[in-house]
DNA sequence: TTTTTACTTGACCTTAACGTAAACGTAAAC
DNA sequence: GTTTACGTTTACGTTAAGGTCAAGTAAAAA
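Protein chains in written order, with my numbering: chain A, 816 to 944; chain B, 816 to 944.
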């Protein structure tokens with residue numbers, strides 16, 4: 816029984832982000848809460864989009880890149896051209912992420928090499944304190 | 816026979832970055848070219864550091880994080896405390912990178928799911944155009 | 001009925017990582 | 001001997017992603 820509606824403080828505490836950030840994402844068009852009087856009410860769709868936003872940020876996407884992807888999700892994909900464009904956009908993001916993964920692996924190898932060199936030192940230099 | 820010295824335009828064209836960026840990294844203490852008169856001369860060590868800087872940027876490190884790691888490399892590791900600190904710092908970076916990798920994998924799965932949903936649509940909706 | 005409490009809208013502030021333009025030095029090329 | 005090419009410093013500008021007030025509304029609690 817998932818919630819259908821959320822107010823700003825519920826979301827900001829759930830996701831551990833500030834209300835300011837949520838309003839900022841709204842300004843940028845990433846979410847579109849409706850209003851109850853002056854107050855924002857976030858839907859399940861907004862909730863799902865916020866999950867995407869935060870995951871996107873964790874992998875290094877900018878808000879405008881995230882916006883592009885979100886637009887892919889929620890758009891009409893009736894036309895072939897549209898669908899092909901969506902698939903292409905996904906493939907591009909995926910290969911960018913694969914490249915980042917390779918860079919991460921390279922960096923991890925470098926860091927391990929650094930560790931090894933320091934640990935080798937341990938063998939050659941008498942331990943001091 | 817690798818080069819021993821570089822000037823700013825050689826490096827900026829080799830790495831495809833601007834001279835401004837190289838001067839900026841110097842301001843931040845990431846590289847320390849010596850001078851020939853007023854002109855900068857970059858050593859092989861600077862060259863190696865730039866490789867690290869750019870790789871670090873590709874995996875989402877900030878310049879100050881990169882600076883930390885570079886300092887680990889080129890510092891005196893004679894003392895046990897120092898070496899343990901270096902190893903700990905490496906391990907922390909490595910686990911952060913592993914987490915990022917997991918987030919990337921999650922994101923790739925999401926993007927593939929999006930692709931699938933669009934491709935399923937292809938089966939259900941007659942192709943137009 | 002007055003206080004809280006939660007929420008709102010501006011509006012300006014901040015940090016990172018350079019970009020960009022001005023003004024100047026110097027050495028090679030013409 | 002003066003352009004041209006390449007380099008320098010100084011300094012202000014820019015974008016992204018919010019942070020941080022200030023001032024006001026509105027409902028709920030005391």
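Note that the Cβ used here is the ideal one computed from N, Cα and C, for glycine as well.
Assuming residue 887 of chain A contacts residue 904 of chain A (C-beta within less than 8 Å), just tell me the rounded distance between them.
-> Sequence index remark: in the first chain, residue 887 of chain A carries index 72 (1-based). Sequence index remark: in the first chain, residue 904 of chain A carries index 89 (1-based). Residue 887 of chain A to residue 904 of chain A, Cβ: 6 Å. Contact.
Nearest to residue 923 of chain A (by Cα), restricted to the options B:873, B:856, B:929, B:934 = Position 108 of the first chain holds residue 923 of chain A. Nearest option by C-alpha distance: B:873.
Neighbourhood of residue 817 of chain A by C-beta distance below 6 Å, restricted to the same chain and skipping five residues each side = Numbered from 1 along the first chain, position 2 holds the residue referred to as residue 817 of chain A. Nothing listed; no residue qualifies.
Which class does residue 877 of chain B belong to by DSSP, given the choice of helix, strand or coil?
-> Taking the second chain and counting its residues from 1, one reaches residue 877 of chain B at position 62. If DSSP states are grouped into helix, strand and coil, residue 877 of chain B belongs with coil.
Verify the CB distance criterion: does residue 903 of chain B have a CB-CB separation below 7 Å to chain A?
-> Taking the second chain and counting its residues from 1, one reaches residue 903 of chain B at position 88. Not closer than 7 Å to any Cβ of chain A, the Cβ of residue 903 of chain B fails to qualify, so no.
Exposure of residue 849 of chain B, with buried meaning 16 or more beta-carbon neighbours within 10 Å | In the second chain, counting from the first residue as 1, residue 849 of chain B sits at position 34. Counting Cβ neighbours within 10 Å, residue 849 of chain B comes out exposed, since fewer than 16 surround it.
Can you list, in chain order, the stretches of the alpha helix (DSSP H) that have 4 or more residues and sit fully within the region 828 to 857 of chain A?
-> 834 to 842
Would you say residue 868 of chain B and residue 899 of chain B are within 7 Å of each other, going by their C-beta atoms?
-> Position 53 of the second chain, counting from 1, holds the residue named residue 868 of chain B. Position 84 of the second chain, counting from 1, holds the residue named residue 899 of chain B. In this structure, residue 899 of chain B does not lie closer than 7 Å to residue 868 of chain B by Cβ.
Using a Cβ-Cβ distance under 7 Å, would residue 954 of chain A count as near chain B?
-> Here chain A has residues from 816 to 944 only, and residue 954 of chain A is not among them.
Of the listed residues B:926, B:918, B:915, B:906, nearest to residue 931 of chain A (C-alpha basis) = Your numbering for residue 931 of chain A matches position 116 in the first chain. Among B:926, B:918, B:915, B:906, the Cα nearest to that of residue 931 of chain A belongs to B:906.
Beta carbon proximity, residue 869 of chain B to chain A, threshold 7 Å = For the purposes of this step, residue 869 of chain B is identified with residue 54 of the second chain, where counting begins at 1. With 7 Å as the cut-off, residue 869 of chain B does not count as an interface residue toward chain A.
Backbone secondary structure at residue 820 of chain B - three-state DSSP = Here residue 820 of chain B is taken as the residue at index 5 of the second chain, counted from 1. Strand, per DSSP.
DSSP-derived helix/strand/coil call for residue 888 of chain A = Your numbering for residue 888 of chain A matches position 73 in the first chain. The answer is helix: DSSP assigns residue 888 of chain A an H, G or I state.
Note down the Cα distance separating residue 864 of chain B from residue 822 of chain A, rounded to an integer number of angstroms.
-> Taking the first residue of the second chain as 1, we reach residue 864 of chain B at position 49. Taking the first residue of the first chain as 1, we reach residue 822 of chain A at position 7. Going by the C-alpha atoms only, they are around 48 Å apart.
Below 8 Å on the Cβ atoms is my guess for residue 915 of chain A versus residue 919 of chain B; work out the distance and round it to an integer in Å.
-> Counting from 1 along the first chain, the entry for residue 915 of chain A is found at position 100. Counting from 1 along the second chain, the entry for residue 919 of chain B is found at position 104. Confirmed, about 6 Å.
Give the residues of chain B in contact with residue 921 of chain A, contact being defined as C-beta atoms less than 8 Å apart.
-> The residue given as residue 921 of chain A occupies position 106 in the first chain. The answer, in chain order, is 870.
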